[in-house]
Structures are given as structure tokens and as C-alpha cells.
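See structure below.
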Amino acid sequence: MGDLAIFVLIISLQSLMCNVYCSCLNQSSSENILEDSFSFPSDFLFGTASSAYQYEGAFLAEGKGLNNWDIFTHEYPGKIRDANNGDMAVDQYHRFMEDIQLMTSLGVNSYRFSISWSRVLPRGRFGSINYSGITYYNRLIDALISRGIKPFVTLNHLDYPQELENRFQSWLSPEMQKDFLYLANICFKHFGDRVKLWTTLNEPNNQIILSHLRGTFPPSRCSLPYGNCSQGNSETEPFIAAHNVILAHAKAVQLYRTKYKEEQKGIIGIVVQTSWFEPISDSIADKAAAERAQAFYSNWILDPVIYGKYPKEMVNILGSALPRFSRKEVECLKESQSDFVGINHYTSYFIQDCLLSSCNIGVGASKVEGYALKLDRKGNLTIGEPTDINWQHIHPEGFRKMLNYLKDRYHNIPMFITENGFGDLQKPETTVKELLNDAKRIQYMSGYLDALQSAMRDGANVKGYFAWSLLDNFEWLYGYKLRFGLYHVDPVTLKRTPKRSASWYRNYIGENIRRRYD
Ligand code: NOJ
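Below, the structure is given as C-alpha cells:
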């Protein structure tokens, strides 16, 4: 008998004996094997995400019209931490080939970007198409595809032509549904032969809270005590705006299904912002409050989009302030169910009941947010590791719970993690060296990707993960001072330099793609 045969015999005898006598050991070792042998499905997407206003720059280049963020940042520079704007952003409009090269070096197989509405339709449906805008996106899409990177396109990520604000107050009017449909049609028509992954709108729940409830984002509408604005009504307008968004989404999905899908064979969904809401105690009241917090946040959009109705918690609390869907609209919503949902996720909160119990004033405590106070700590215990930004705590377990919650509530609908990432707040004393050595981002991403794997083992139907973000970029009210990129961007030269997290993500993708074939 040769050496090899003897070796195989010994191993077989050992494992046979172990099968009989080592059940505990077997159990744990097989569990370990399961843990270790997790593989992402072969069609899983690993990508990076971006948005037009935050990346493109090219402010009025080649026929682009003015949008709401152009006007807001120019009129009120003091509202942006560094008094800056997206006029130049990271100039992806001119540097997309270089950026695709960075994506290639990361090994991603998809790129999430959005269409600048005012670049394609400078005056919405009240003017003509800007064909230079169409050409730009065609070139971007072609360049991505030629390098094996699937375009994952968001039709609208916060920016819209200012003309639509001036004419009819944008999302407060049903007219906006018509404009959105007009944009959607043009995009499906011009790009749909190559784009197979569409989302309609980016996190309208969070956007509307900021634009129409607190009024910190344009069009700066709110009322006291929710915020300090010269116009608006925080108790009614957020729900009117969301109603129009939901119907605009449904109509765009229906358009895609009836006019384009058969030939183009793509899929379409919507993106919501999610946070995990952990009841602050085991009391029934706090548990119900955590459920209300979900109802007034992501379920606000997802329930109508998937089930054709608002969450019952919202109906009960808001009464007539919550618009109603007509019978025809309910039918339209049901017929236009999303193929998937896009999940943006960054953090978790503790939730305390303010409906039955007395509560301090704070975010979430009011009627319009469901009487569910959001807290980052319970006594001395924070919900996760705090970071430099008050709204972000590192709590991967919350991500796993969130994905399981969505899996159960929405019958395991396919999900893409359309955004997840870590922001570094740049202080006056922060050096570039420190920004490049971004150990916290690696810790954050690796924790959240582990949680994602756990959720997928639990059965969550997740199809892809997009890191926010490829590059440092214009982070809305924080300007360029809050940096989410895997690549550092120099504020003057716009030179892109890989951070440690870029090589970490490259290795992660490499290992996880390789593992599929092992
Ligand atoms: C979600 C938004 O979609 C994106 O625009 C933003 O930059 C990130 N969150 C980080 O705050």
C-alpha cells in the first residue's frame, strides 16, 4: 500500500470513529464549516454608489439647467458647513474614465449612479431634451459595460430642475408625478437597451423629512417646533410630498412594465433609508414604539409600494393628515409592485415610547414621527460605538436585525444594499495621512458585511452590496468635510488617492468572488 493510500485510510478511520463518538465536536466543527463556507451567490453584485449632484460637477456645462441644490447652495452658502456646493463636486462628468479605472482596480461588478434631471431635462417637461446630457450618460454606460461593470441607475437622487419648484412646488403637487414619468420615459428609452437595473427614487423617506418636516434641505419648508422655516407645514406637507413620490414611483414602474420590460428585460425598484430601531426596554409600550418608528420611516414608503396601503400605525395617528389612495391608485400600486427594494443602511437607535409615557422632547417624539423618541444611549450604554457624526453609531447587529425584519415583513422580496458606509468628519487638525489610514471604515465595513452574511444565512434574499462611496464627495449640508470615500479626493486638484479601505474592499471582493468557484 502506498503512502497516500495509508494516509487516506487513517483519515477515513478517524472521521468514522469521530462520527460515532464526537457528536458535540462534530456539531461545532460542522457549524464552523458552515460559517466559513458561506458563499455569496454567483450573480451577487459588489459595487460602489454615487449620485449626480454629489459627484458630477459640470454645473452649467453643455446645456444643463439649474436644479434645486444649485439654487439652495448658491443662495444660502451659510447652510453648508464649508459654504461650498456641487458646482465642481468631484468632476466625474469629465473624469469618469479615470473613475471607472478605479472601479476596475477594486474589482467591482456594478456601479450605482443617478441621472441629473436638470442635465437631461433642464426645464423638466417644459423645455426640450438636452442631448449633451443623454450623450454623457451613454458614454458613461458604455464605458462601464465595456469593463464588465453593470450600471445600476437611480432615476432621481434629491436633485430636480428648479423650474419644477418655481412652477408648482415640486413634490407638493401631483404635477410632479407627470414630470417624473416624463423623465423616466426618456431614460428607459435612451438607456434601457443597456441598463438592466433601475431604481426610481433615492430614499424619499429621509429626503422628505429633511426637506418638508425639518426644512434643512431645499425647498426648506417646515413649521415650528419642527424647524425654523419661512414657509411650510410640518404636520401635513411631508405626507403630501411622500404621496406624490409613491404614485410617481408606481407610475414609472408601470410604464417600464408595459412599454419597455418585454424588450429590455430589466428590473426596477425603489431605494429607502433604513435604521434599526431597538426598543429601549422590554416593555410593551417601547416595543410598540419601535414598531411605530419603522412605520413612520421606511414602511411609510415600502408598505404602499408593496401592499398598496400606508402602515396602520400612520393611519391611526395621523388621521386626515395622511392622504388616501383612490381605488384606482391602489390598483396601480398593486399592479406595479417593485421587483426588489434598495436598502440604504448606516446606523441604529434605541426607541422610547412617547405615546403612553412622558418623554423628553427630541427627534421622533412628536406626532409626525409616531411618538417614538430616537436615542443613541440607554443610560451609559450607547447603541453601538459612537463616531464623529452624531447620527452614526457602529452597530452591525442592527443591520442583521433590519434585514430580517424586512425579509419577514415583505415576504422575502429581493433586496440590494444600495448604500452602506462610514463617514470621516474632517476637523481642522485632521491630516491627509490620517484620512488615508482609515481603519475605522474598515472596521465598520467588515462588521456590516459580516452582519450581511449572517442575515443571508438567516434567509434574507440579498442580491448585492454597494459601498457608499467610491470617492469622497459633496456630503450635502456637511459639504466636503464629511468624507465617505474609499478614495480620498484632494479639494484643490481633485486627485484621487486610495485609502486603506480601498485595498481592503478589493481583497474582500476578490476573496468572496474566488470562494464561489472553490
Ligand atoms: C444617503 C444618501 O443617499 C447619500 O446621498 C448620502 O451621501 C449618504 N446617505 C451619506 O449620508
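Mapped onto mature numbering (1 follows the signal peptide of the UniProt record, and there is no 0), the consecutive letters of the sequence shown carry residue numbers -18 to -1, 1 to 500.
Positions of the beta carbon are idealized from the N, C-alpha and C atoms, including for glycine.
Note that the structure is predicted; figures quoted are calculated from it, not measured.
Cut-off 6 Å between Cβ atoms - residues of its own chain near G324, not counting five sequence neighbours on either side: T181, G251, V253, F398, T400
Three-way DSSP call (helix, strand, coil) for residue 504 in this model: This structure gives no information on residue 504, because the portion of the chain shown stretches from -18 to 500.
Q83: CB within 7 Å of a non-hydrogen atom of the ligand NOJ: no
Test item: CB-CB of residue 503 and S216 under 8 Å: The first residue shown for the chain is -18 and the last is 500, placing residue 503 beyond what the model contains.
Check: E38 C-beta below 7 Å from any heavy atom of the ligand NOJ: no
Beta-carbon proximity of L140 to Q189, cut-off 8 Å: yes
Any 3 or more C-beta pairs closer than 8 Å across the segment 91 to 108 and the segment 28 to 48: yes
K481 versus V227: straight-line alpha-carbon distance, rounded: 37 Å
Alpha carbon of M296 to alpha carbon of F221, nearest angstrom: 10 Å
Chain-order list of residues whose beta-carbon lies under 8 Å from that of R176 (same chain, five-residue window excluded): I123, D124, I127, P133
C-beta atoms of G290 and F307 nearer than 8 Å: yes
Three-way DSSP call (helix, strand, coil) for I395 in this model: Coil.
CA nearest to the CA of F448, picked from Y462, W458, Y460, F466: Ranking Y462, W458, Y460, F466 by Cα distance to F448 puts F466 first.
CA-to-CA distance, S152 to G106, given in whole angstroms: 11 Å
Distance between Y35 and A71 (C-alpha atoms, nearest Å): 7 Å
Entirely enclosed alpha helix (DSSP H) segments - the segment 420 to 462, minimum 4 residues: 421 to 440
CB of G366 within 8 Å of CB of K356, strictly: no
Nearest neighbour of L337, chosen from G361, L315, I299, T369 [CA to CA]: I299
heavy atom of the ligand NOJ below 7 Å from E416 C-beta: no
Start-to-end residues for the beta strand (DSSP E) that takes in S92: 92 to 96 is the span of the beta strand (DSSP E), which, as asked, contains S92.
Residue ranges of each alpha helix (DSSP H) within the segment 99 to 131, 4 or longer: 99 to 102, 113 to 128
Local conformation of R63 per DSSP, three classes: coil
Any 3 or more C-beta pairs closer than 8 Å across the segment 316 to 336 and the segment 358 to 376: yes
Three-state class that DSSP yields for S330 in the structure shown: strand
Where S205 falls: helix, strand or coil (DSSP): coil
heavy atom of the ligand NOJ below 7 Å from W99 C-beta: W99 Cβ: outside cutoff for every heavy atom of the ligand NOJ.
beta-carbon N184 near the ligand NOJ non-hydrogen atom, thresh 7 Å: Relative to the ligand NOJ, the beta carbon of N184 is positioned inside 7 Å of a heavy atom.
Assigned exposure category for Q213 - 16 Cβ within 10 Å defines buried: So Q213 counts as exposed.
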